[in-house]
Every structure is written in C-alpha cells, then in structure tokens.
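This report refers to the structure that appears directly beneath it.
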C-alpha cells in the first residue's frame, strides 16, 4: 500500500519505521532536519513541506495513497490535513489528536472532520495506565477480540510460586496460555519444557478474568488497586483520573497551579483535587501518598516527572507509573526503579500501526521493543490451521508460533494441543517480529 | 450633590405598574356587581380611578434613559411599597371593621401582596365585609405570589431591556434562570405556568364541591383559595382557615402548596417536554425530603399524643389517617410559608411547635412563590460546610461546591452565606424590637412569641405561635409594631438586599 505520513516527529518516525518493510511510505514534515535524518535512517521517502497544503500532499503521491496518517503534535493541523487529503481523493484518513473532545465529537457522527479513524493520544495513554491498575503485577496490557481476550506481561519475582517451574507445570490455569517469556531482553517462544526463571517476564494471553486470577496468585499481597494518586494535572493526568473515577475509585490528583486545580476540581466530580507541590515530601506523607497502591506521575517536564516518581517510590508507594514524553528516557526511568514508564507517542504509534495492518491482521501488540508481536487473525477456510488440531498444524508453520487464545462467535475457547480450529475463528498468536509476514502468509 | 441614580425613571416605571394595577382592580369590581354589593362597587370604582390617576401622574416622571442596575433596585423596592399603598385603599374606603384604620389597611395590604397572610381583620365574615373586598384580599396575594414586577416584565415591552435585573431583584432565591432568549418570554412562561396550575386547583376544588365531598367549597371559595394556595399566601375568607373545610379539600390543597413552593422554572421544563428535570433537580428532592422528615416527625407526635398539650387533640390521637393529614398539612403549609391551618397548632405541645418553628426558616425553593430563606440556600450552605470539614483534614484539597452536577461560583456561595446571616440578624433584631414594643404597649408578649412574630412576618409565613396563632390575628399589636412589621414583610419578600442597598450612601452617590 501507499501510505502518506504527515509529521516526522516521534510518532510519525516510529510509524514509518514499523510500516516501511511492507508498505511504500512517504513522510511529510516542515522541519528540513527531520526530513534529512529520516531519509537516511529509514527506507522511506521524506518530503519537506506543509501537510495541510494540497500541492505538497499531491507531491507525496496523494493520488495513489491508500492511507493518510496525520500525526503531528498539533491537533488542528492533523484535522485540517485529513480534510485536505479528502479534496478530490479518497484515501483512508487517520488522525492523531490529544484533545479528548475531538474524539467525542468524532464519535458523534460519520466521518466527522473527514477523519476515518481517530487516535486520541491522551485517552490511549490513560487507558493503558488504568488497565495496568486492574492487574496488579502486569506491566503492559492489550485487549483483543473486543475485550474477550487480554494479553499482559508479568514480572516473575524470584520468590514467586511459579519461578523455576516448567511451563507445563505452571500452566494450571483454565482459559490462560503462557505465550512467551522475556529473559534478559530476549523473547523466547516456549514449549512445555521451558523453565520459567525468576526475574524473567511472562507474556500471558487469556480471558480478562483468568488474567486477574493469575495476577492475584502471582502477587498475592497486591490486591486490586484501591488508592490511586495522580501527580500532575495535565490532559493525561485528568483523563486518567476520569477513567479511574468511572471505575468507581476516588483518585487523588495533585497539581500546583491554583487556577488549573480549580478547573480540574470542577470537571472531575469524584476526584479529590489538591493544590500543592508534589515534590514536598512532608506533604506527600501527610496525604499518605506512601500508602497508595498506584502513583501515576505525569508532569510537564520529564525531569520533574522523574524526580516526583523517585520521591513517590522512595517514600514507599507500591507501584509508580511515569508518563515520559521523550521516548529515549523510557528505559532510563525503568532502570532507576520506576515500575512502568509510558511514552504517549509510543502508545499512539503502536495503535496507528496496529490499525494500519488491520487489513490482514486485526489486532497487534508489540513486545519488548518490537522483538515479537501478538496478533489477532481471522482463520479463513483455506488456511492450514482450519479444521485440524493445533498440535498438528503449528509444527507445519515456517516459524515457531504460540496460539494464545481462540474466539469463536464471540466466545472464548482455550487453545490446547487437541483443540481443533475452525474457519471463522479468531486466533490470537504470538510470533517473532522477523517472521511475522512469513507466518501470516502461511496462515 | 449629584445623584447617580435616575430616580425619576424608576418612579415613572412604578407609575406604569400602578396604572396597570387598575386592571387588576376590575376583578373585585365585577364581583361586587355580580353580588349586587353597591357600596363595594363604589369602593372599587374610586380605587380604580385613584390608581389610574396616580399611575398616569407618576408616569410623567419617566425619562428616556435606559434602566440600569441601580434603577432596577429602586423600582422593584418602590413598586412593592406603592402597590401596597394603593391596594390598601379599598379597606379604608369601604370603612368596615378594624381594617378601615389606615395603618391596619396598609398592614393587610402589604401582608397580602407579600403573600404573608398575617391579618388584622378582626371579624372575617361576609356580614362585616363585602365579598368583593374579601376577594381583593385574596387576589392581592395571587398578584404578589409570582411577583408584580415579573408580571410587569411579562406584559410591558418597555421593561424588556432591564428586565433581567428586575427579575433578579424580585424573584426569590439566588439568581434567575433564563428559560428563553427573551426575558419577557421567560416572565410570561412563569406566569402562564402559575395561572395554569391555579386554574387546575380552582376547578378541582369546585369539582369536589360538585361531587359532594366539600360542602363549604363554593365557586367563590374555590377561586379565593386557588388565589392564595399557589401564591403561598394563606389568606382565607373563612375565619377558621382550611379547618372550615372537609378532609377532601385539605388533602387536595396539600399537593398544590407543594407545587407553589417548587421552582416554577421546573414546571416550564416539564411542559417543554423534559419531565425528568423535575425529579432530577437536587433542590426539589431536598425540598421534598425536608418536608417528608418534618411531616413524619409531626405524624408520630400527633398520633401518639405527645404532640398535643394535655387535654387536646382527642380526635387525632390514635387515628392514623387524621394524624397524617394534620401533620402533613401543617408541615407543608409552614415550610412553603403558605400559612394555612387545618388545626390550631397553639394546642400542640412545645416539641411539635418546635418542628414547625424550624420549618419557618426553610421556606420554598428558589423561583417559587414561597418566602423565608429558601431550600437551595440551605443546600448550598450544608455542602459548603461539608467542604469546610473536608478541607480542614486535607488543607490542600481543591473542592468546589457542586449543585446538581455543576460547580458553583465561589461568589455565589459567599452571597448565600451573606444573605442567610443577614436574614438571621434581621430576625433576631426584629424579634428583640417587637418584644420591647410589646412591653411598652403593655401587650405582655413572651420573648419566644415575639421571635415567632418576627419569623412569621419576615419569612412571609403569616401565623406563628401564641397570640398570633393560625386562628388569631395581629390586631392587638401597637400601631408602631404593625408599621414595623409592614417593613419586615416588604424586606422579607424582596430578600433584604434590594431594600437594604437603596439605604446605603454609596448606592446614591459614587
């Protein structure tokens, strides 16, 4: 496919990189330096110009474009770019926005703003934070098949009951599959004899209930999140607070801007909004932030976020999630002991990439810096998977694949060796990124 | 010195209102003609003429400038004073009974327009007074209920510009809700809802009479009580108030008193196709809840007999139906500041009277015809106090006070605090002054009685306890006290500020 990506920032570059192997990508950006660097770093065509100008888009090949992805940092630019792309042409348009109200407006009608698919950075980030809270020890959670199937990464503590067990011993859970093990940065696709080492991370696929059950057994002391403290009242912080309050919690939101906290307090009816400096240890202790189950930090600069997260961690809060604006810092945050660092742009890029691939794969999650992918695929009647037990078909595939879950007519089916996959089923599989296309072709 | 208020404009507009008041005087005139009351025809003929002349005279003062904030205050405050003066003329001209004395007539008239329902008419009967005069007494309450100025804004196009300020100065409760883009249409919508519900009550009351369930409720009485139920007025041409009528009438009046104490904007929304707005409204729910609690307490007290003085209420004690009826009726009547009674609650024990005394300070909803402090203010105060408690534990918490989902402006909350404190201050000072004057006049009021007098007049309720019980009158008070109470009723109806502000120096100058 021919895809035009408008905006060569972190989101645009990362989308371009992910899609360039299988598609023709043209990237448009105003900044000549970015255009220059992208030309050499990725196998894409980078054009300097304004993405809201029709002539620039035509130069980028709008006439043959199947998809236009507008993912600059500016909401209005993205919306205008999508509308421009629809003048005289009919590509599928994807817009990235931050402001949730645009998403609300978009949901109210058909093709509002000439946007065919809208991705809201703030909401996506908030949603992934909230999903993490539902599963105490989970690191990264994705849903498939309209929520029937969930995938989560769990850290296996050295004293965890399943550490040093083999997969076949540990896999005692109904409706749950151990799809992968991440050990020292390597994704291993396990078989029954693979031993789960302490300190490794497990990729688990199953129903949301089975995952929750598994989570509570993995970390029995960590019950469901109750006390949530959000530090920083930016759009992501506000959205996170709103999602938590929709789930019946009463989160506390701390921000030190007096006027802004007033507005936040008016908008968030079930959140306790506080106006204070979040780096004041005395205040954090007085408000029992140390007793919180989850501390989310999303401040305007990564430096302050790091400081506040470390403080929260140091006074003893059990889980700290930091929202990091700069992608390169994610690893750094986790290295210094922050439990999870989330980069909104990465989340957005992942969502747009997932959606773009949807033509053959319906849902995809990237694991451990893109080493492996979890993909949802619909099984066609002529697929080798159809009509035969899994244990026979998987061995015939060109590369190792784990079938993590099957959904049949909206219901969950636990995949076991004897399970027969039928045409029309959706299967959620884990596969190494390098062989994704080979495997997908085979299926 | 130069005045910063265009008083001529305000006074001129008052003249316009008085001129139109002549139209309202036509109704008792027709009643007089219908019943063949010759002297009453003369009385109302003269009053109508005076109203027209005075109205036209005052109207000449009008200047062409626009009605500002200050002129609106002056106009509203003066309108109520002047209209009450003109409204007192028929009592004086008719020259019958105690109300013929000018001070008494003014008291009766002000008590009428402000929907207080306190009376100095010693002998309320058709023998002493004409039917026309007694219907005028009822009608004055109906005019004052939804507000004379609101009515003026509804029908006079010249008031459309400053109309919102006029409505704000007159309408009960903090702030006004514009229902339509045009303020005159909003005023009209309120009056139409008011008129409609009044007519429904009149027909139902008369229907009960025709059905044989209400022997005393003639068409005359049906109209008379329709006028004073929806206005939360409380006057009745029957000396024993609603006690004179059957249980069916008493039950029927209860829901109409409740409606009168409800924000009329809500009825507009119901008619506009949003019935859910009514039961979703937080003030309405709180209002019903408060009434329910007080009625339940009174029911228990009356049913067991603890609510009565020794030797009283033998027909009520042990009879659940009767106890519920009297408890609910009195609770609703006092809380909505109507002032009707189905029973002389002077025969009630202090504990039952105390429940009613508390109800005197609650009042109707904002935008209703009820008086006193208003439900919404208490609701906001309670919420603001709860916030105070929360923020003393969490000093950094930012917590707006919410009412029905949306946050209230801090200035509005401050205004509500200020009004409530001021109301209570006026109440305490007035109670003290009335007590002192009763000592001077040798009336021998107890301090508690004096306090209920202040509460009953300032809150536009009417009856109180002791010598001003629901079956008694304000006649024994000295003339000074009566004129003071005229002031209290006036100030209470306009919710203190519009009157108080025109007494300040900065209002007239800078």
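Chains as they are written, first to last, in the working numbering: chain P, 1359 to 1801; chain G, 256 to 765.
Glycine included, C-beta positions come from ideal geometry on N, C-alpha and C.
The structure presented is a predicted model; accordingly, all values stated were derived computationally and were not measured.
Could you have a look at residue i and say whether DSSP puts it in helix, strand or coil?
i	result
residue 1765 of chain P	strand
residue 1719 of chain P	At residue 1719 of chain P the pLDDT is 44, less than 50, meaning the model places this residue with poor confidence and gives no usable figure here.
residue 585 of chain G	helix
residue 1508 of chain P	strand
residue 1636 of chain P	coil
residue 685 of chain G	helix
residue 1500 of chain P	strand
residue 661 of chain G	strand
residue 1366 of chain P	coil
residue 768 of chain G	There is no way to answer for residue 768 of chain G, as the model of chain G reaches only from 256 to 765.
residue 1300 of chain P	Given a span of 1359 to 1801 for chain P in the structure shown, any question on residue 1300 of chain P remains unanswerable.
residue 1394 of chain P	helix
residue 1578 of chain P	Its pLDDT being 48, under 50, residue 1578 of chain P is placed unreliably by the model, and the measurement read from it follows with that caveat. Coil.
residue 718 of chain G	coil
residue 1747 of chain P	strand
residue 563 of chain G	strand
Starting from residue i, trace the beta strand (DSSP E) in both directions and tell me its first and last residue.
i	result
residue 1559 of chain P	1559 to 1564
residue 1647 of chain P	Taken as a continuous stretch (DSSP letters only), residue 1647 of chain P belongs to no beta strand (DSSP E), as it is neither H nor E.
residue 1544 of chain P	1544 to 1546
residue 1611 of chain P	1610 to 1613
What is the residue span of the alpha helix (DSSP H) that residue i lies within?
i	result
residue 451 of chain G	438 to 465
residue 1774 of chain P	Where residue 1774 of chain P is concerned, there is no enclosing alpha helix (DSSP H), given that its DSSP letter is neither H nor E.
residue 1683 of chain P	Looking at the DSSP string, residue 1683 of chain P is not in any alpha helix (DSSP H), and its letter there is neither H nor E.
residue 502 of chain G	502 to 515
residue 1700 of chain P	No alpha helix (DSSP H) contains residue 1700 of chain P, which is instead part of the beta strand (DSSP E) from 1698 to 1700.
residue 475 of chain G	474 to 484
residue 1436 of chain P	1433 to 1443
residue 1417 of chain P	1412 to 1417
residue 365 of chain G	357 to 368
Quickly, what does DSSP pair residue i with across the bridge? List them, please.
i	result
residue 1361 of chain P	P:1383 and P:1425
residue 1653 of chain P	P:1587 and P:1678
residue 1455 of chain P	P:1478
residue 1538 of chain P	P:1561
residue 1789 of chain P	P:1731 and P:1759
residue 1784 of chain P	P:1736 and P:1765
residue 746 of chain G	The partner list for residue 746 of chain G (beta bridge, DSSP) is empty, contrary to what the question assumes.
residue 1553 of chain P	P:1524
residue 222 of chain G	This structure leaves residue 222 of chain G out entirely; chain G is present only between 256 and 765.
residue 652 of chain G	P:1632
residue 1403 of chain P	P:1384
residue 282 of chain G	Answer is none; residue 282 of chain G lacks a bridge partner.
residue 427 of chain G	Note: residue 427 of chain G sits in no beta bridge, so no partner.
residue 1596 of chain P	None; residue 1596 of chain P has no bridge partner.
Would you mind telling me which residues of chain G sit closer than 8 Å to residue i, beta carbon to beta carbon, in chain order?
i	result
residue 1631 of chain P	652, 653 and 654
residue 1627 of chain P	657 and 660
residue 1598 of chain P	Within 8 Å Cβ-Cβ: nothing; residue 1598 of chain P doesn't reach chain G, min ~17 Å.
residue 1796 of chain P	Residues of chain G passing the Cβ test: none, with the nearest at roughly 56 Å.
residue 1608 of chain P	Chain G residues near residue 1608 of chain P: none, gap ~12 Å exceeds 8 Å.
Taking 8 Å as the limit between beta carbons, can you name the residues of its chain near residue i, skipping five residues before and five after?
i	result
residue 1449 of chain P	1362, 1420, 1423, 1424, 1425, 1426 and 1443
residue 310 of chain G	270, 271, 272, 273, 274, 275, 276 and 277
residue 418 of chain G	408, 438, 439 and 442
residue 1578 of chain P	For residue 1578 of chain P, the pLDDT reaches just 48, beneath the cut-off of 50, and the residue's location in the model is therefore unreliable, leaving the point undetermined.
residue 1751 of chain P	1742, 1743 and 1779
How would you list, in chain order, the residues of chain P whose beta-carbon sits under 7 Å from the beta-carbon of residue i?
i	result
residue 667 of chain G	Chain P residues near residue 667 of chain G: none, gap ~13 Å exceeds 7 Å.
Within the same chain, show all residues whose beta-carbon is closer than 6 Å to that of residue i, passing over the 5 residues directly before and after it, in chain order.
i	result
residue 1520 of chain P	1528 and 1554
residue 748 of chain G	369 and 715
residue 1761 of chain P	1748, 1773, 1785 and 1787
residue 362 of chain G	375, 737 and 741
residue 590 of chain G	546, 614 and 617
Ignore the nearest five residues each way along the sequence and tell me which others in residue i's own chain have a CB closer than 7 Å to its CB.
i	result
residue 1666 of chain P	1589, 1636, 1637, 1655 and 1657
residue 287 of chain G	295, 296, 299, 385 and 387
Name the chain G residues whose beta carbon is nearer than 7 Å to that of residue i?
i	result
residue 1603 of chain P	None at all; the shortest Cβ gap to chain G is about 14 Å.
Less than 7 Å between the CB of residue i and some heavy atom of the ligand MG, yes or no?
i	result
residue 616 of chain G	Of the ligands one can find in the structure shown there are none, so the ligand MG has no counterpart to examine.
Please compile the residues from chain P whose C-beta is within a distance smaller than 8 Å of the C-beta of residue i.
i	result
residue 649 of chain G	1630, 1632 and 1645
What residues of chain G sit near residue i, judged by a beta carbon separation below 9 Å?
i	result
residue 1572 of chain P	Near residue 1572 of chain P there are no residues of chain G at all, since even the closest Cβ is about 37 Å away, more than 9 Å.
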